[in-house]
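When we follow our numbering, the leftmost residue of the sequence shown carries the number 954, and every step to the right adds one.
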Amino acid sequence: MIMGLKKKNRGRKQLLVVLVIILLFVIGLGLSKLTKNVDTISSNEIAVISVKGIISFSGSTIPFQGSGANAQGILDNIEKAKNRNVKAVVFEIDSPGGTVVASKEIANAILNLDKPTVAVIREIGASGAYWVAAATDKIVADELSITGSIGVISSYLEFYEFLNENGVDYNRLVAGKYKDLGSPLKDLTNEERNILQKKLDIVHDSFLNFVKERRALDAKEVERVKTGEFFLGIEAIELGLIDYSGNKEFAISLARNLSNSEGAKITEIKEKKSLFELFSKFGSEVFYHMGRGIGTEISNIEIKEDPRLIV
């Protein structure tokens, strides 16, 4: 009898949990419609836009490692910052870089803002994240922040020898000589390697020329920074890669001065998250911890036929 009551109570609790989950989803869907495209900027303000994590249009390039800097979300936030009540924009950067196109599009969007812009590099603002920073009018970083790394990388795993040793053949059927260029299932020829290197050089030249123009670097400075080396903030000042040593508060103060808006309030422009999205994120965290045993292993392996360009 007691066992029966316990089972019955347990069943009720499980049903209650399911009902709560369903209710949260329904509420979340409703709130997502109510909060979409709401502009709350109504007075003179300095906008702060975050660029945190690996920059890409997917928002994350590494499975099971959480969300990165979603390029489309950042572009949307920049669009919101065009509001006439926003007097200047501070980009708070803490990113090691990201994909080429995502970084470039954000940089171009910043250039199109008709108001003062300031970048503040926290822990790191390197490679693609520095591309973004270089688009702003002024760059602030701590003396020990990591920045620079003006280079491009593309890599892939090659299983050709491993497959041969284990008696596995790769039967190549392609229409187009270089269709399987970079496939991990075959050996990379010198000709194919040269093709990939040329493409990397094109991207590198584009990145370097952008930095050279934006930062007004002389020939000696260009030679120093084009190697892909990263620099500490104190070194970056000497090389002309950043303007000031300072923190977020200093960057905001600088933005106020540049825009002649000493009394402007500070507002952080973020992607609006509905309860549904927050709940989904919570669910993702739960599943992450459930699967982190295999997730940490999987995250170290990325197999792609087409190499991805990362800056």
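Just so it is clear, CB atoms sit at the ideal spot from N, CA and C, and this is done for glycine as well.
These figures come from a predicted structure and were not determined experimentally.
Query, Result
"Assigned exposure category for Glu1238 - 16 Cβ within 10 Å defines buried", "Caution applies to Glu1238, whose pLDDT of 44 falls short of 50 and renders its modelled position unreliable; the value that the coordinates give is listed next. That one is exposed."
"Local Cβ density within 10 Å of Val1264, reported as buried at 16 or more and exposed below that", "buried"
"Enclosing alpha helix (DSSP H) for Ser1136 [first to last residue]", "Counting along the chain, Ser1136 falls outside any alpha helix (DSSP H), and DSSP gives it neither H nor E."
"Which of helix, strand or coil DSSP assigns to Asp1095", "coil"
"When Asn1023, Leu1138, Asp1090 are compared against Gly1050, the one with the closest alpha-carbon", "Asn1023"
"Nearest-angstrom Cα separation, counted from Leu1066 out to Ser1056", "16 Å"
"Pairwise C-alpha distance: Ile1099 and Arg1177", "16 Å"
"Per-residue DSSP class, three states only, for Asn1162", "helix"
"Alpha-carbon to alpha-carbon, Leu1141 and Asn1030", "42 Å"
"Close Cβ partners of Phe1010 (< 7 Å) along its chain, the five nearest in sequence each way excluded", "Ala1024, Gln1025, Ala1055"
"C-beta contact flag for Gly1021 and Ile1007 at 7 Å", "yes"
"Reference Lys1151, options Ser1107, Glu1202, Ala1172, Leu1126, closest by Cα", "Ser1107"
"Rounded separation between Arg1167 and Thr1052 - CA only", "20 Å"
"Val1004 versus Glu1191: straight-line alpha-carbon distance, rounded", "25 Å"
"Per-residue DSSP class, three states only, for Lys986", "With a pLDDT of only 45 at Lys986, under the threshold of 50, the placement of this residue in the model should not be trusted, and no figure is reported."
"For Ser1198 and Pro1096, believed in contact at Cβ under 8 Å, the rounded distance", "Per the sequence shown, the amino acid found at residue 1096 is Glu instead of Pro. Glu1096 to Ser1198, Cβ: 5 Å. Contact."
"Endpoints, alpha helix (DSSP H) assigned at Leu1028", "1024 to 1033"
"Limits of the alpha helix (DSSP H) - the one that Phe1203 falls within", "1201 to 1212"
"Cβ-Cβ separation, Ala1094 to Ile1074 (assumed contact under 8 Å), whole Å", "4 Å"
"Element boundaries [beta strand (DSSP E), containing Lys1218]", "1218 to 1221"
"Strand pairing of Thr1180, partner residues [DSSP]", "Note: Thr1180 sits in no beta bridge, so no partner."
"Enclosing alpha helix (DSSP H) for Val1004 [first to last residue]", "Unbroken run through Val1004 is the beta strand (DSSP E), 998 to 1005; no alpha helix (DSSP H)."
"8 Å CB neighbourhood of Arg1125 in its chain, flanking five on each side removed", "Asp1133, Lys1139"
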